[in-house]
Structures are given as structure tokens and as C-alpha cells.
Amino acid sequence: MSDQVTYEGVEVGTELPVVSYPVTRLSLVKYCGASGDFNVIHWNDRVARAVGLPDVIAHGMFTMAQAGRFVTDWAGPKAAVTEFGVRFSSMVVVPDDDKGASIEVSGQVEEKLDDNQVAVALTAKSADTKVLTRARAVVRLP
Amino acid sequence: MAVNREFVGRTFPPTEPYEVSRVKIAEFAAAIGDTNPIYRDRAAAQAAGHPDVIAPPTFAIVISMAGSGAALADPGLGLNYAMVVHGEQRFTYTRPIVAGDVLTAQVTLTDIRDVGRNVMLTSSTQLSTIDGELVCTALSTLVERGA
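The listed protein sequences correspond, in order, to chains A and B.
Using our numbering, the letters of the first sequence correspond one by one to residues 1 to 142.
Using our numbering, the letters of the second sequence correspond one by one to residues 1001 to 1147.
Here it is in C-alpha cells:
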């Protein structure tokens, strides 16, 4: 976790370096339990393939959570997220092996808004494919 | 089976109150791999100016899904959940969700439309305290993939 970022100290255009987050079948099983989303395509490859998917895929919300973690780790503990939105543009396919997949998140400070708020544009990729588009978070900073 | 367009505009009753516990927040944070102490250590959260441990931003989906889940599972809607993937998700927060919050979710199905062979369902869910304070609005687009 980084130090606390302040509104004064933030500059538009600042690049937030990429962080890679792992995702394995165990991650998805845990996320099923914690979120209550037990859609079978997130844990059962037989059903996933039967409905035309390449394999088990991560919950979109798991990917969004990694992007959220990227923002809150950057913004610091005193920041409050006021808006957060993403479009899920591609699936994160999670093979049944010990390595799983990874989600690479990066960002850029896009805009300084009123009320000490800052907008961050986010990019998330898995297997070199963009998995989130129109991904943006607004945080209120001290 | 086609998705029933008659559900557009329908607002479902608010869910039973959901009490946000520190244990559930910590479980959710662990599941997303987030080790931030403000999600599990009350003193750390208070040092950062929060009244108690707060929830990661996307925790709001747990409560909003409790509302939209009932709507989506309505047999009259005719949604094939195994064919459903998440298209888009947006949250607007008045404040972070805090341990001890007692929240209800009220979902409105705002649109159902065909996009190519797929069907897109959009919903708006309001998470409010039982005292009526709006904490978060969640806008979701789900996609039922065409066979």
C-alpha cells in the first residue's frame, strides 16, 4: 500500500505503473463464496464449455475488484471512492492449472474535479487483451 | 426462451435488511486478494478517518446482487443464467460502506433490448440504510449470450 496521496499533490497526466494480479481457480472459488455469485461458468469447466466458453472465466466483478484495489492502493487509506465504472470487454479465461491467469492493471490521472476529487482512467489486460474498457474511478482525496 | 420485455420498468420490493459485518468485509477482501488493513483492522480504519472498517468499493455488488438476484431469478423473466455474462458495472457512492451498516437493495429493471444475437438487461439498484440514507447506486448491464 502506498502513502497517502493528496489532492494538491496530484498532477493530471501522471501515469500509475502497471500492477499484475494473479487469478487462479482457487481465487474464483473464494470469490464465489465471498460474493454469493455461484454462476457455474466461474467454477465448472464442463458447463463453461457446454455453453460455448473457452474454459472457466473469472467473474467480471473479480476483475473490477482488482482495478478497484489498484486505485485504492494508489489513493491511500484516507481516500474515498465516489464513482467507479467499467465495461467488461473481454473474458478473463482461467485454466485449471497451478499458474492460472493474471490481470495487469495500469492507470493515468485523467482529471482534477471539484470537491477534492480526482478521476483516474484505468486499463486492465489479461493475456494481452483488454478486459476492461471505459474503466474510470473518481476518488476524493484529503 | 425469450427474455420477457414486460419486466422493463419494474421496481422490485427492497430486500430484507443486510447487516454489514467486519467478518464478511474481511472475507470479501481476502477473496479479492486485497490486504489493505482498513478492510480488517478497526484501528487502522479509524486512523484513516473512518468510523469502523470500510468495505472495498466493489463489495457493494454483494448487497446489490441480493436484490437483483431475486429479480433475475424470477421465472417470469425467462433469463438463462448460464448464458449470462457481465457487460458493464457502474457505482456511485455517497460514502464508503462501513461495518455495522444495515442496508437494503432496491432494484429497477431499466431496459431489456436485443443487441445482435444477445439480450442486454440493464438495472439500477439503490443501496440505502434502513434510515433511508442512500449509500450507493449500482448500474448493471448483464448480457444473455445468444445460442
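From the three backbone atoms N, C-alpha and C, an ideal C-beta is built for every residue, glycine too.
Everything numeric in this text was worked out from a predicted model, so none of it was measured.
Item, Value
"Give the single residue among 1018(B), 1060(B), 1110(B), 1082(B) whose Cα lies nearest to the Cα of residue 38(A).", "1082(B)"
"Quick one: list the residues of chain A neighbouring residue 1018(B), beta-carbon separation under 7 Å, in chain order.", "Under the 7 Å cutoff, chain A gives no residues; its nearest Cβ is about 11 Å from residue 1018(B)."
"By the 10 Å Cβ neighbour count, where 16 or more other Cβ atoms means buried, how is residue 124(A) classified, buried or exposed?", "buried"
"Going along chain C, which residues have a C-beta under 8 Å from residue 1056(B)?", "Going by chain labels, chain C is absent from the structure shown, which instead holds the protein chains A and B."
"Which runs of the beta strand (DSSP E) fall wholly inside the region 1012-1053 of chain B and span at least 3 residues, in chain order?", "none"
"Could you tell me if residue 1146(B) is buried or exposed, where buried requires 16 or more neighbouring beta carbons within 10 angstroms of its beta carbon?", "exposed"
"Helix or strand or just coil, what does DSSP make of residue 10(A)?", "coil"
"The region 1081-1111 of chain B: which residues have C-beta closer than 9 Å to a C-beta of chain A, in chain order?", "1081, 1082, 1083, 1084, 1085, 1086, 1087, 1088, 1089, 1090, 1091, 1092, 1093, 1094, 1095, 1096"
"Alpha carbons only, please: which of 1066(B), 1111(B), 1126(B), 1133(B) is nearest the one belonging to residue 1143(B)?", "1111(B)"
"Between which two residues does the alpha helix (DSSP H) harbouring residue 58(A) extend?", "Per DSSP, residue 58(A) belongs to no alpha helix (DSSP H) and is neither H nor E."
"Taking just the CA atoms, how far does residue 99(A) sit from residue 1139(B)?", "33 Å"
"Is residue 1061(B) close to chain A? Criterion is C-beta to C-beta, closer than 8 Å.", "yes"
"For residue 1014(B) versus residue 1129(B), is the C-beta distance shorter than 8 Å?", "no"
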